[in-house]
């Protein structure tokens, strides 16, 4: 997720561009840049870190007619000046900014390099500007060259282009990444969302997927990739700036819960290789997974729960013994690490101090390490050297939601790859891939349970204790559901392996103890029915999360939440949604500050 | 509807089988996949490995977008006659699907209108079909993935294969369960035991005196059985072979000779092979344990208690060659004495005398010409070129990274 802002027309100035991306900073903030066109050259300025109160160096800012700007959240290539947008062609006659992921950038980059194009960044985005340059050299005029380039790429994009030859014009293209155009007197403006447009105008149009637009100071025309014009309706913005940043949601946590269909998709974008029934990951050597005889997964908090799901996946699918360690415990426990062990560290921010210390400990013992991290360029990403990024965009809510499901998806990708390198057949690999591909849509489906879960939350918001029970893949999910509730609603909650209930915790159950029963896996449904009967017999109040095909708990539980059916290892991805919603709505009902829960920090950078 | 027999990027795992012929031309259970699919009466095209392609050949027949549905069948699908009905049904319904076997695409029905890349090769056809997102169906057809599976499939398929041959052909029933084609010369001393299955002698078979057949057995057209031969139990002999000595549970492909005494059991013998007098295979370990074979330097369990040798095309064994249990013998090699390891292609293998040396493709071409002439076949330029190509393809079997042969 990055932010794009563009402006063309009267009163254009570089400060307009800076103000624009300042408003989009919540979309990404590791580097930023602007480009402005006039008929003799394009001026580009790029810099690291947050835009905050930064200012531009002194330069004669006259005669520039239009500009584009970008604030970046790194996906391909670490945050650096070279990787910051805008990117330009070698003659500096074109400049682009891009939000999204280009899946086929590697083959395109290789082809262009063979033709003599020089790349100055590690980004996927840079291929776009060289592609446009290539089509112009091939004889196409700018507008057509832009369209041809968009037709050549696979993936998602919100893109803006300026050119020295048409200094007052901005070209836009959208597929998957949002772009909004605003029209005012003598100027036209565009941005990744309306928050940057509101200071200029409240008359906007939203570009649809597959649409392009050509902006000038007089207005804009929109058309499809095949050049057929489209008719856009101008909408009036009525809401305020804060509401736009939250995308209409009340809290960032709620917004991030609802972003999951997209972030789950982004976690696997370009990584599924149906042609081999396996996974392609650019950031790790195949040998790393192939030679691993044992895994140690290091993480803290929610990431640890994702790691525990990963352990079950690696062991049951790939047959690799795996252990999940609390990073801080690992660090000081003088762990025995066998040869051929691979350490997988998981951290959303990539700055978690405990995890980082664990990684350093493992490296000191000559153990190979890899990271699963959301923030590109973070310390853990750099120190691991190899790993997989989540591509979930910035997570602002302190209680992790979208990063958790992306972590589980990435672990599933890794487990699938490791399994296909061992004994999983092509057919089994394809079944798993089909299930992965459905996850995004199924998560969307699960989000429709929002109002049902809200009503359950209102009923249970007054309780001070909760139990969550689950088996196998739903045991870590029980831990995660309980943690979410603890973090934001300050209710005491425990996650327990369902079979352990009778070994002690069942003593806690009475009519004041709500029990969230996770029973969406097909393999252990019978056993869960037995557990539910045990709880029922003791007067516990049962909220059950089951798959759409499971009817066994219908008459046993007080509330039954049906989630879409998937393979057992992937149940936690969809199963997380109702638990996140339940915690969220209970916290809101209790009047808690959801995005800034007491005593907690988003990124725990102390040991 | 068109049927496409395709070779994929895993065909070379079957080495030494399939180096001189596409795998749809490999016999198991007395049928090849090609012969079987031909019974369906649909036009057939093939996608074969690069070393089989000459200037005037290629895969340009694959016109994109497809004008009609195409049923893609992996050429390694075992030639099971029971699959015929299934092939027929799916061809008729033309419902798109894809199905896998182990690590490979076994079959796919691609509907008309689908696009294919400009150039399609055996290396990428599997991936191309997978990326078409056709509905996945489970375990429809089994492929033969490793050499020992040829023998395994052969034994499993043989009874039903023979039934199909009898139902398709025109045979005289000489006595109970002995079926004879035209112009068969059968000495009156020949003894048949058909208590476990029939004996089928195709047109032109000549059986010399004192031969013993224990069914089920299949003898291909114009093959000669030498005096005192004992041919038993699920043995299938191809056309134009010369066969003597004792054979059981084995496949001998066309144009090969095993004229003299010596035992061949649980083995697959390629084409134009000559086994010298006294050549014997072991198919059972002294421990009676499961046979393990060496593939790519790694020992792999076959799960089979009985397994003889897999012998590649154009290989010759000298007198009294002794092949240990479960050995893979490459193509175009010459064997002398004890064979206690796998044998690379294009090798003079005389390990017991301390010598394993390479045979030049020129020498193989010369020997090939002489053997072809004896059967009135003219060696073509393509035959010669193919020898050179296979020589290059199998170079790594003899190179520094190959399985070590110690003395």
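Residue numbers (the working numbering), protein chains in the order written: chain A, 1 to 607; chain B, 608 to 1014. By construction, the Cβ of each residue, glycine as well, lies at the ideal position given by its N, Cα and C atoms. These numbers come from a predicted model, not from an experiment.
Query raised in the report: If the cut is a Cβ gap below 9 Å, which residues of chain A does residue 743(B) touch?
Result: 427, 430, 431 and 434
Query - Boundaries (first-last residue) of the alpha helix (DSSP H) holding residue 732(B) - result: For residue 732(B), the uninterrupted alpha helix (DSSP H) run begins and ends at 732–737, by DSSP.
Query raised in the report: residue 275(A) CB to nearest chain B CB: under 7 Å?
Result: yes
Requested in this report: Evaluate residue 228(A) with the Cβ neighbour count: other Cβ atoms within 10 Å of its Cβ, from every protein chain shown; 16 or more gives buried, anything less gives exposed.
Outcome: Exposed, because fewer than 16 other Cβ atoms sit within 10 Å of the Cβ of residue 228(A).
Query raised in the report: Under 7 Å between the Cβ atoms of residue 302(A) and residue 327(A)?
Result: no
Report task. Identify the contact partners of residue 707(B) in chain A, using a Cβ-Cβ distance below 8 Å as the criterion. Result -> 277, 425, 426, 427 and 430
Report task. Kindly list, in the order they appear in chain A, the residues whose Cβ is closer than 7 Å to that of residue 710(B). Result -> For a Cβ distance threshold of 7 Å, residue set 425 and 426 of chain A lies close to residue 710(B), ordered along the chain.
Requested in this report: Spatial neighbours of residue 921(B) within its chain, please: CB distance less than 6 Å, with the 5 preceding and 5 following residues excluded, ordered by chain position.
Outcome: Same-chain partners within the cutoff: 879, 938 and 939.
Query raised in the report: Hey, is residue 889(B)'s beta-carbon within less than 7 Å of any beta-carbon in chain A?
Result: no
Query raised in the report: Between residue 132(A) and residue 94(A), is the Cβ-Cβ spacing less than 7 Å?
Result: yes
Query raised in the report: Any beta-carbon of chain A closer than 7 Å to the one on residue 734(B)?
Result: Under the 7 Å criterion on CB atoms, residue 734(B) is classed as interfacial with respect to chain A.
Requested in this report: Could you spell out where the alpha helix (DSSP H) holding residue 498(A) opens and where it closes?
Outcome: It is not in any alpha helix (DSSP H) - residue 498(A) carries neither H nor E in the DSSP assignment.
Requested in this report: Would you verify that the beta carbon of residue 669(B) is, or is not, closer than 7 Å to some beta carbon of chain A?
Outcome: By the rule that beta-carbons nearer than 7 Å mark a contact, residue 669(B) does not touch chain A.
**Report entry** Cβ-based burial, residue 528(A) [other Cβ within 10 Å; buried from 16]
**Finding:** Under a 10 Å Cβ-count criterion, residue 528(A) is classified as buried, with 16 or more other Cβ atoms of the shown protein chains found around its own Cβ.
Query raised in the report: Is there contact between the stretch 77–94 of chain A and the stretch 118–126 of chain A, where contact requires at least three CB pairs shorter than 8 Å?
Result: yes
Query raised in the report: Should residue 759(B) be flagged as near chain A, meaning a C-beta pair shorter than 7 Å?
Result: no
Query raised in the report: Roughly how many whole angstroms lie between the Cα atoms of residue 525(A) and residue 538(A)?
Result: Those two C-alpha atoms are separated by around 20 Å.
Query - Helix, strand or coil at residue 698(B) according to DSSP, with G and I counted as helix - result: DSSP places residue 698(B) in helix when its eight states are reduced to three.
Query - Range of the contiguous beta strand (DSSP E) that encloses residue 206(A) - result: 203–206
Query raised in the report: Could you give the residue range of the beta strand (DSSP E) that holds residue 800(B)?
Result: 798–800
Requested in this report: Measuring alpha carbon to alpha carbon, tell me which of 181(A), 183(A), 490(A) and 364(A) ends up nearest residue 466(A).
Outcome: 490(A)
Requested in this report: Please compile the residues from chain A whose C-beta is within a distance smaller than 7 Å of the C-beta of residue 738(B).
Outcome: 274 and 275
Query raised in the report: When burial is assigned at 16 or more other CB atoms within 10 Å of the CB, is residue 915(B) buried or exposed?
Result: Burial of residue 915(B) is indicated by the presence of at least 16 other C-beta atoms within 10 angstroms of its C-beta.
Query raised in the report: Given residue 913(B), which residues of its chain have a CB within under 8 Å of its CB, disregarding the five upstream and five downstream residues?
Result: 856, 872, 873, 890, 891 and 898
**Report entry** Residue range of the alpha helix (DSSP H) that includes residue 327(A)
**Finding:** 327–332
**Report entry** For residue 769(B) and residue 637(B), the rounded distance between their alpha carbons
**Finding:** 7 Å
**Report entry** Straight-line gap, residue 969(B) to residue 995(B) (C-alpha atoms, nearest Å)
**Finding:** 8 Å
**Report entry** Buried versus exposed, by CB contacts within 10 Å (16 or more), residue 612(A)
**Finding:** Lying outside 1 to 607, the shown extent of chain A, residue 612(A) is not represented and no answer is given.
**Report entry** Residue closest to residue 448(A), alpha-carbon to alpha-carbon, out of 550(A), 495(A) and 563(A)
**Finding:** Checked all of 550(A), 495(A) and 563(A); the closest Cα to residue 448(A) is 563(A).
**Report entry** Neighbourhood of residue 103(A) by C-beta distance below 7 Å, restricted to the same chain and skipping five residues each side
**Finding:** 154, 155, 269 and 270
Query - Residue from 741(B), 942(B) and 670(B) with nearest C-alpha to residue 966(B) - result: 942(B)
Query raised in the report: With a Cβ-Cβ cutoff of 7 Å, do residue 367(A) and residue 343(A) count as a contact?
Result: yes
Query - Secondary structure of residue 492(A), DSSP reduced to three states - result: strand
Requested in this report: Pull up the distance between the alpha-carbon of residue 27(A) and that of residue 252(A), whole angstroms please.
Outcome: Note on geometry: alpha-carbon atoms of residue 27(A) and residue 252(A) lie some 12 Å from one another.
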